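So for the sequence shown, this note's numbering puts the first residue at 118; every next one is plus one. Backbone N, C-alpha and C fix where the C-beta goes; we use that ideal spot for every residue, glycine too. Just so it is clear, the structure is predicted and the values come from calculations on it, not from any experiment. For reference, the structure discussed in these notes is given below.
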Amino acid sequence: KLSDEEIKLMARDMCSGVEETHGEVRVIKWEDVLLKTRTGTVTEIRSGCSAGAISRLLKSFEKIINETKTEVEQIKSQHGDCQVDLKSKVNRLNATEIQLNRTEEGMQICQKNLENKTNLLNETDVELEQSNEETETCRRDLENKTQQLNATETEKQTTIKKLDTVNMELNSTTTNLNQTQVELQHVKGLLGESANATMDCLLNTTITNHWDLLHSEEFFEAVITGNKLEVLRKSMQNLGKFVNMMK
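As structure tokens, this is what we get:
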């Protein structure tokens, strides 16, 4: 706060125009001070300046006023330009807001579509998982069926081998049977010859059975070979059957 003496010292040469020579570099101006709102007890005193000094002050004030008016006009012009620019900006802002609203609507639609696609994808995932489970079950069933089929194929091959063996045995048996039938026919022929023979023997000539085989031309006083021995064996078997039947 300035004291009274400091204020008087500063105001001792109020009529001087030296400060005006400094132009815009002045920080504190008298005219700014005089235009400020007054508070407290203010006493106006005469400056004691001559008419010339007052005229210089008035010219200074007029200059300041003119400069202020010019600045005001410039400000108004700038304000007009600003108004136009502001109106353009407002229009662009409104257009941007419309586009933003449309974009938001598009985003909402896109969001709904995304939700639908997500739900569909989730359902597809569930169906895929179920399909995978069914496929796995089918694969296990197929493996079981394949194992059963392989086992059946093994049994089939075993059965075929057994059947081949049986067929071989059957063929062998059939061959033996055919041979036996041939031998039996031969024996029957021999028996027929023995029944019709008139040779001397110790046996009763009325007996016409397998015992007469020994008196046939093939066996009587002949060497007994393996084949002849087999014929005798079978003849004895048939004779045994005949004896059992007689019992």
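Note on geometry: alpha-carbon atoms of Asn261 and Thr254 lie some 11 Å from one another. DSSP places Lys180 in the helix class (H, G or I) of the three-state scheme.
Cα atoms of Ser120 and Glu184: separation of roughly 34 Å, rounded to the nearest angstrom. Pairing Glu250 with Asn239, the inter-Cα distance amounts to about 17 Å. Just so you know, the alpha carbons of Glu161 and Gln200 end up roughly 44 Å apart. Annotation: Leu346 to Thr275 spans about 40 Å, alpha carbon to alpha carbon. In the displayed model, Glu270 falls within a helix according to three-state DSSP. Between Glu300 and Val348, the C-beta spacing is below 8 Å. Taking C-alpha positions only, Ala212 is separated from Thr187 by approximately 37 Å. The C-alpha of Thr297 is placed about 28 Å away from the C-alpha of Lys278. Taken through DSSP and simplified to helix, strand or coil, Lys262 comes out as helix. Between the alpha carbons of Val283 and Thr269 lies a gap of roughly 20 Å. The three-state reading of DSSP puts Val340 in coil, since its state is none of H, G, I, E or B.
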